[in-house]
Structure formats: C-alpha cells, structure tokens
Amino acid sequence: MLSQHHSLHMCIFNGIVTALYASNVIAAKHSSDDFDVLKYVDPLIGTANGGHVFAGATLPFGMAKAVADTAGENQAGFAYDTEVVTGFSHMHDSGTGGSPSMGNFPIFAQGNCPHDDINQCKWQKSDRAAVWDKESPEVRPGYFSISLANGVHAEMTATNRSALYRFTFNETSSQSLSPVILLDLMDLPQSRTSGSADVDRSTGRLTGSGTFSPSFGIGSYKSYVCVDFKGAELRDTGIWEKNQANISSRSLTLGSDTSSTLSAGTFARFHAPKDSSILARVGVSFISVQQACENAERELPDFDFEGTVSAAESAWRKKLDVVSVDADGVLPDLQTVFWSGAYRALISPQDYTGENPLWESDEPYYDSYYCIWDSFRSIHPLLTLVDPFSQSLMIRSLIDTYRHEGYLPDCRMSLCKGFTQGGSNADVVMADAYLKKVPGIDWDTAYEAVVKDAEVEPQNWDVEGRGGLRSWKNLGYIPFDDYDPDGEGTHTRSISRTVEYAYNDFCIAEMAQGMGHQSDYEKYTKRSGNWVHMFKPDQKSSIKGVDTNFTGFLQPRYTNGTWRYQDPILCSPLLDFTGCYLNPDGHETYEGSAWMYTFYAPHDMGALIKTLGGAESFTSRLSYLHDSGLLYVGDEQAFLPVYQFHYSGRPGLSAKQSHFYIPSQFNTTVNGIAGNDDSGAMGSFVVLSMMGIWPVPGQDVYLITPPYFKEVSIRNALTGKVATIRNINFDPSYKSIYIQSAKWNDKPWTKNWITHDFFAEGGVLELELGPKESEWGTQIQDLPPSLSDYQ
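If you count by mature numbering (1 follows the signal peptide of the UniProt record, and there is no 0), then the sequence shown holds residues -22 to -1, 1 to 769, one letter each, in order.
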C-alpha cells in the first residue's frame, strides 16, 4: 500500500553498491560466542523519504509501541527527515501508507515553566514542538532515545501493553527544575471525535479516553490510557486547553462539537527530581481506563527501566534465533540489511488478545493487518518459516473475525474494517498455511470462509469480500461498466481485481482438493482461468512514442465484451505513477501498470508463457519490465516478477535481478527501503531474497536462488529440524551467483524449486555456484508447477 506522498527511489545508489560489493573488504566470520544479532538491527532504516517504518520500542507483535512523534510525514510517529518532536506516544503501526496511524494520548515533558508561571509553559501541539538533535537518536530493538532542544533527553522501552519513559532534564535557564509532564487527548491523524481526561491530585496519575478513526478504513474505535510517575515529588496537577492551564480542576471532557485539532488534556508538575530524571509508566487498552492501569501495574510493577530494556532485547534475540547465517566474507552492512528486514517483519500484525471489546472469544485476536493485499506475498510465508506458532495465532484470529463479522478481513486496523485493495487475499493466506500444515487451525471454518468470499457478495465490498460477483460468475471477468445490484463498492481496478479473483479461486481450489470437495475443486480451478479474459492479443505498447515491440496486454473490457483502452504503461514510474489508488475515478489497475499485471497468473504460468509467445519471448518481456523502469520494486506486486524467470527456464536471471535490487534499493541508510514498509513487507522481501528462497504465496513452492551468505539455516519451531541452504564456491563479491548444480541431502536436485517438506523435515540443500548461467533448472521437467503444460 503506497503512500500518495511517497518519493520514488528509482535511482541506483552507485556508492552503496560499490561499497557493499567490494571484494577486498572482508567481514569477520560469526561465531556462536561473539555474535549478537541485535548489533545488526537498525530500526532507523526506512524512517525517511516515505518509508514510514516504526523506529521505536516494541516487542515482537507487541501492542505497545513507544516513540517520539515528529511533525510532518509521520505515519509511524517518528520520521528522520523532520525537525521537531511534538510528543511521545505509545501505540503505532509500521510502514503504512494512507493517513498517520494511532499515536493516541501523547505525553510531553518540559523542565519548567518560564518564570515558574504554569500558564507560560508550552501546551498545545504546535507551540510545544521542540527541535530534536539529529545526532542524538539511539535506537535498538526495545529501546529508543532522543534529545530535544528544550533540554529534555527522552528514553523509552516497552512491554506488551505498556511503555516506560525516562525523561532526563538538563537545566537550560537560571531557574531551578520543576518539570511538567502533560497528556494530550490527541492522535496523529487528529481524528478524535470525543475524549475525556482526569488527574489524581494525590498521586499525579493521568488517565484518558477517546474515540478515534482508523487510518485506512471505516468506523471508529475507543482507546484508553493510564500514566503514573516515579522519581520526583508531586507539586501540583491540573487540566489545560489550548494555552491555558487550570490547577484547580482535575477533569476535562471534549464532546463531538469540539474540533479534532484542539490540543487539551491534563498535567502533573513536580519538584526538582534528585537525579534530574522522572519515569513515566504508560498503560494502554482498548477496553477501559481500569484495564490500561492494570496492564501497566502488571507488566511494569517496579518501573525497572534497564530490566525492561533487557527483557525486550531477550525477546527479540529469541525470536530471531531460529535463523542463522555463516556470514564469512559478507560485509556488515549487508548483514544489517538482512537482520533489520527480519526485525521489521516481526513488528506486525499486533497481538491484541484480551483487548478486543467487539466480541467475546477464547481465540486470539490480532490487528494491524496493513493490508493482506500487501502481506500475503511475503510476510505470512516468512512467518510460516520462522514463527509458525505466531502465524497459527494470526490465522486463528482471521477465522474468528470471520465468525463474528461475517467475512475474512483483507485489511484491518484499530479494531476497524480496512479497505480492500484487490481480491479477497486472506484466501491466499489460508491456502498457503493449509498446504504447509500450519498447526491448530479449524480448517473446516477456514474453508467455509474462503468459499463465502467467492460466492456471497457483501453489502459493502470496499471493506470485505469481493464485488462484482454476478459478472465474475456469468462473464468470467469484472467489466469496466460493471452493473452490480448486489452490493456497493468502488467501481475501479477491473483488471487487477479480475486477475486477483482468479488466483484467489485457485487457492480455494487447492484447499478443496485437499479436503475432498471435488466439485468445488473443479469449479474454482475453472474460474481460476478467468485472467485470460482480460488479455487483448493485439494490444501494443509504446513509451514516449517508441514501440516497445511487445504485443498483447491486459486491458479493461465492457460488459458486452468489447474493449476499453488503458495505456499499458499507465501507473508505472513512466506515466502517472500515483494515479491508481482507491479514488472513485481511478484506473483499472491498482498501484501498478497493465504491463506489470499482465505477468500475474502464478498458478498457470505455462498458459501465460504460451499466451505471451513462448519462453524466449516471455524472458525478453520480463527483462524489459525490469530494465525499462516500468517496474517499481517498492510496491509488493513487483516482488514475484523478480523471480518469474524461473518459469521460463532462466533461474539465473532471477538471481541476477535480485542482486540488482539488493542493495541498490535496500540498504542501511534512513532511506534504505524502496517503498513504505507495509508492516514489514519490504523487510520480508529482503530476508527471503537473501535466504535464497522465494515462496510463491498460496502454493507449496519455493523458487531457489543462491543465498547472499555462505550458508543459511532455519530451525523449524514445530519439529526442531534444521534446514540449511549452503553455497559451494561462495563469492562475497557476488560475481558467481549462478547455480551450476544442486543436491538435496546429497542427492542431485535439478528442479529450480523446492517444497515446504525441506523446511519441515530439515536437511541440506547444497548449491554449487559459478560466474555464468548453466543448464541447472532450465528443463521443462525442472520448472515450477503450472495448471497448464509449458509446451
């Protein structure tokens, strides 16, 4: 999901490429004694230029996410390409497009009020904003700190439902310290419709509640906060609104008639702390103020800052420990790209179990699926490999959401329904997990849910299910002029929705076959071929008036079967790149061009390759897609085309293409991801690519390329077995990136793909490398599965 304000990273960072691929600089080989994975995690990667990565303190999949909130493009709270900090808040999402997310109830600290006059403190958001020191951020998993020009040094860490802040005050004037810490009934998108705040005069406890809107969906949600302090004697308390404070009042209510941009809240003022620092413990909840306080009291009873940081670091080490690499010869920066990507892929979705007020259930509840349209392609397949238990909990949560809300979510955040962007892509997640035997799932209900996506149109298909099902069933495609009396939704994206619906139906067919539903298997397999109905064989394409010399592209179609025209390069980086969003007058492809979507039939690549003129023509066309600038790898539909050379018998070109994008557009700078991270999608792309295994989501297929390390091992949490991919003749300058031969457990392996059995049962996949393409993986019998034959 792209931000409409995102700046393209289309340039190739020549200096970075040269430095990272220099063969005369060798990094030390890791040993089990001296290797600390957290030294190679940089949470600041992707915090500038529209990456929207959450940089603050959190646990894996944690609800509490503490960070400094900056002014500007602040979807995840903190962005490096900003100047001022306006507050410190406790819940965020990572990498999203759309509007900023959450950031509810920021707190802010000041060392004193000028002339010790409470009304001369800076209260509202715009006035209190303080310049931050660009050299000051210290960031690592579970910890974030920053220094402000107002003399405050802020540190923060987190548990599952709570955040702990340590504010250290440097005297910036002749008057003595008398710190003030305020709570603002605000959120990042300024969406509040009502709110209330209270302060306990005896303890200084600040509590608040509010009703807010989600960032990329419909409806509203209620949120609650509880703040306690330690480290200084309480002086006085009160409320504030705009720039006026009142020490005689203890509560404040903002109704629906109050502007959502109004800053107002409560505060506590303290006598000078003995060590110049004050701890602020913040509990959060979606249930009640009482539960927010209980969360903090249970998780942070002793205000132990160092202990909390240490526990968070241990949690992250444990989560990342299932993967190990032999990084002999690999530069530290490339290792940082890898491990930072893995870290980001484990930030979301977020575990809100016990914090869902919408229904009672014994099942887990996860939130912040931004969006499954993005995450089905790489995040969930990666979790199946490295954290199948969490993947199981997430899938159970999706199924439980279906039970209570009627449909599987395609996007969900802050307890609200998010917007669908294409097909019903939770179907792909279900099929992928079913085929890979993710444990603990009620597959009968899962199957019931995916079939409902395919058969029953919801009232509002902008937020769940599929629209246009009458046309889908009768015509075999979504027409441009679709007449849909069965539901309401945005009538755009007819091309991309058609090809996605086709693949969704294929995924349902796989489940049907495995579960013994033969007639369903036949029906959905047939419907999965509907992608071809949007293919116009004689459609040509040109760039700036020059023919690309490729003919045949997906095009919009009317109900009567005639064609409408959309320039095949429209919505690529070469023409109106940002024109294909969810706007009602949008185009017929979503966040990408017809050029790119023409390659999307991952279940029937044999038919697609024949449709596009055969293997040689397909390879030439796919190379052109990458080389011409038509493809933007910062959006998730571009991931699979990096590896689709496997299907035309040229797996070496997939490896070559992977090395083109990494590290040129994925590196260690604050700009170091190609697009916004979409809850870790870019991170998972990097990790899987550098592991040398690209999962085709919704299928039991991993396309094989050489890892970026001498060796990569993944320990299966379910079986304890270890799967190792080992490069023979590994070349850290990456000139030898072509597989010459392969062995699986010492037996020759000629297929250019492998199944999940390798990771479930363990073993060794050995890849012999060389500087030129070979015959390995090129024969018809070695190509990945396809519904149709390749010849």
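For each residue, glycine too, the CB sits at the ideal point set by N, CA and C.
In its chain, beyond the 5 residues on either side, ARG704, ILE706, ALA720 and LYS721 have a beta carbon closer than 7 Å to the beta carbon of GLU744. THR286 sits in a helix when the DSSP states are folded into three classes. The residues ASP206, in chain order, have a CB closer than 6 Å to that of ARG183 in the same chain once the five nearest residues on each side in sequence are set aside. Taking C-beta atoms as the reference points, SER402 and LEU386 count as a pair closer than 8 Å. Separation of the CB atoms of ALA274 and VAL260 is rounded to 7 Å, and the pair is thereby assigned contact status at 8 Å. Contact between ARG213 and SER156 is confirmed by a C-beta separation of about 6 Å, below the 8 Å threshold. The Cβ-Cβ distance between PRO619 and PHE577 falls below 8 Å. Residue environment: ASP605 is assigned as exposed (fewer than 16 neighbouring CB atoms within 10 Å of its CB, all protein chains considered). Boundaries of the beta strand (DSSP E) harbouring VAL158: 158 to 162, taken from the DSSP string. Per the Cβ contact rule, the region 165 to 184 is in contact with the region 227 to 234 (3 or more Cβ pairs under 8 Å). Residues of the same chain with a CB within less than 6 Å of the CB of PRO92, apart from the 5 flanking positions on each side, are GLN98 in chain order. A straight-line Cα-Cα distance of about 20 Å links ASP162 and MET41. Here PRO342 is buried, its C-beta having at least 16 other C-beta atoms within 10 Å. Measuring C-alpha to C-alpha distances from ALA738 to each of LYS414, GLU594, ASN148 and TYR321 identifies LYS414 as the nearest.
For HIS382, the enclosing alpha helix (DSSP H) has its first and last residue at 366 to 383. At least 8 Å separates the beta-carbon of PHE687 from that of GLU566. Following the DSSP letters along the chain, one finds TYR716 inside the beta strand (DSSP E) bounded by residues 716 to 722.
For PRO92, the three-state secondary structure derived from DSSP is helix.
In the DSSP assignment, GLU272 falls within the unbroken alpha helix (DSSP H) covering 267 to 277.
In the DSSP assignment, MET134 is bridged to PHE122 and TYR143.
By the Cβ criterion, the region 756 to 767 is in contact with the region 569 to 585, since at least three pairs of Cβ atoms, one from each stretch, lie closer than 8 Å. Taking 8 Å as the cut-off, the beta carbon of ALA33 is found no closer than this to the beta carbon of PHE66. Secondary structure at THR503: helix, using DSSP grouped into helix, strand and coil.
Cβ atoms of TYR602 and THR526 come within 8 Å of each other, at about 7 Å.
With fewer than 16 other CB atoms across the displayed protein chains lying within 10 angstroms of its CB, ALA127 is exposed.
A residue is called buried when at least 16 other Cβ atoms come within 10 angstroms of its Cβ; ASN90 meets this threshold and is buried. Here PRO251 is buried: its Cβ has 16 or more other Cβ atoms, across all protein chains shown, within 10 Å.
8 Å or more divides the Cβ of THR185 from the Cβ of SER198.
Taken in chain order, the complete alpha helix (DSSP H) segments of 4 or more residues contained in the region 281 to 347 are 283 to 298 and 310 to 322. Bridge partners of PHE248 according to DSSP: LEU212. Straight through space, the alpha carbons of SER226 and ALA659 are spaced by roughly 50 Å.
Within the DSSP bridge table, the entry for LEU743 names ILE703 and TRP722 as partners.
Cβ contact annotation for ALA480 (same chain, cutoff 6 Å, sequence separation greater than five): SER506, ASN508 and TRP509, in chain order. Per DSSP, the beta bridge partners of PRO673 are TYR680. Sequence-distant partners of SER752 (beyond 5 residues in either direction) whose C-beta falls short of 8 Å from its own C-beta, in its chain, are GLY630, TYR716, ILE717, GLN718 and SER719.
Across the structure, GLY400 and LYS100 are spaced so that their CA atoms are roughly 46 Å apart.
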